[in-house]
Amino acid sequence: MNYCSNCSHKIEYGSANFCSNCGAELIARNKKNIEQDLSFKENSNNIFLILHPQYNFLHQLTTNIFHLESLFFTLIISIVWGTVLYMKLGGISVDEYFSINIFFSRIEGVYIFYSLLAIPVFIIRPLIILLYNYLIYSNTTYRIKENEIEYCESFITENYSSIEYNKVIEVHLRKGIIQKLFKLGTIFLETPGSGDGRNGILIKDICNYEEAYKLINSLVRKK
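At position 91 of the sequence shown (counting the first as 1) the number is 586 in this note's numbering, and the numbers step up by one without a gap.
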């Protein structure tokens with residue numbers, strides 16, 4: 496048995512949405528109670544800060560294109576590609592090619608041209624990495640809550656993880672040389688066993704890193 500909040504008239508449960516005595520809407524109060532309950536549950540673990548990694552093209556460019564492995568990979572491909580084309584199109588046999596005198600006497604600008612054709616390999620690989628990182632950054636969110644930190648990455652597959660503050664050993668703030676130039680920082684939450692890379696959360700390339708670091712550090716210390 497329910498009672499109308501407006502006139503206290505007795506109303507059978509589920510019989511009507513309005514009070515038969517005064518006409519007051521009954522479901523309004525019920526909806527309000529539900530909203531209050533949901534709000535209470537949400538506020539029990541407040542979201543203090545939402546972070547997104549900042550994609551900086553120049554930062555990504557310098558950290559991906561100029562890696563030593565990229566340069567080495569391009570050099571090897573250029574030599575192999577140029578050699579194959581030079582031998583096939585230039586009509587040089589394997590014996591002639593590996594004969595030092597004949598090779599250096601017949602090497603021409605065409606060999607260099609063939610080698611330069613491998614440059615697209617040098618360009619395409621970093622471009623793929625840049626695009627992939629952009630999509631990852633665009634679909635990554637960190638939520639700093641009262642009791643935990645949530646990490647969500649929803650590109651291709653959806654990855655979700657969270658770490659409670661009482662499991663965090665230490666909070667580290669890292670700023671590399673290139674990050675300093677672009678005013679970015681990375682926060683690493685160290686947990687037991689995080690040295691193997693399977694635990695912990697890396698909040699990378701955020702612009703408001705000082706504010707986030709102080710907030711996270713204070714929340715960890717409270718636990």
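Beta carbons are placed, not taken as given, at the ideal position from N, Cα and C, and that holds for glycine.
Note down, in chain order, each residue of its chain lying with its Cβ closer than 7 Å to the Cβ of residue i, except the 5 sequence neighbours on either side.
i: residue 664; result: 685, 686 and 687
i: residue 636; result: 545, 547 and 647
i: residue 695; result: 683, 684, 685, 686 and 689
Just how far apart, CA to CA, sit residue i and residue j?
i: residue 549; j: residue 642; result: 25 Å
i: residue 678; j: residue 556; result: 16 Å
i: residue 624; j: residue 705; result: 28 Å
i: residue 649; j: residue 715; result: 27 Å
i: residue 673; j: residue 718; result: 34 Å
i: residue 702; j: residue 668; result: 12 Å
i: residue 712; j: residue 568; result: 42 Å
i: residue 628; j: residue 682; result: 18 Å
i: residue 700; j: residue 680; result: 5 Å
i: residue 654; j: residue 575; result: 40 Å
i: residue 622; j: residue 630; result: 12 Å
i: residue 670; j: residue 652; result: 29 Å
i: residue 675; j: residue 615; result: 31 Å
i: residue 659; j: residue 638; result: 12 Å
i: residue 644; j: residue 571; result: 44 Å
i: residue 558; j: residue 697; result: 17 Å
i: residue 551; j: residue 543; result: 25 Å
Under three-state DSSP, which class holds residue i?
i: residue 641; result: coil
i: residue 678; result: coil
i: residue 658; result: strand
i: residue 631; result: helix
i: residue 651; result: coil
i: residue 550; result: coil
i: residue 709; result: helix
i: residue 717; result: helix
Tell me which residues share the same chain as residue i and place their Cβ nearer than 8 Å to its Cβ, disregarding the 5 neighbours each side in the sequence.
i: residue 553; result: 677
i: residue 666; result: 682, 683, 684, 685, 708, 711, 712 and 715
i: residue 661; result: 718
What residues match up with residue i in a beta bridge as DSSP calls it?
i: residue 685; result: 665
i: residue 701; result: 680
i: residue 545; result: 638
i: residue 646; result: 637 and 656
i: residue 696; result: 684
Given residue i, which residues of its chain have a CB within under 6 Å of its CB, disregarding the five upstream and five downstream residues?
i: residue 656; result: 646
i: residue 633; result: none
i: residue 541; result: 641
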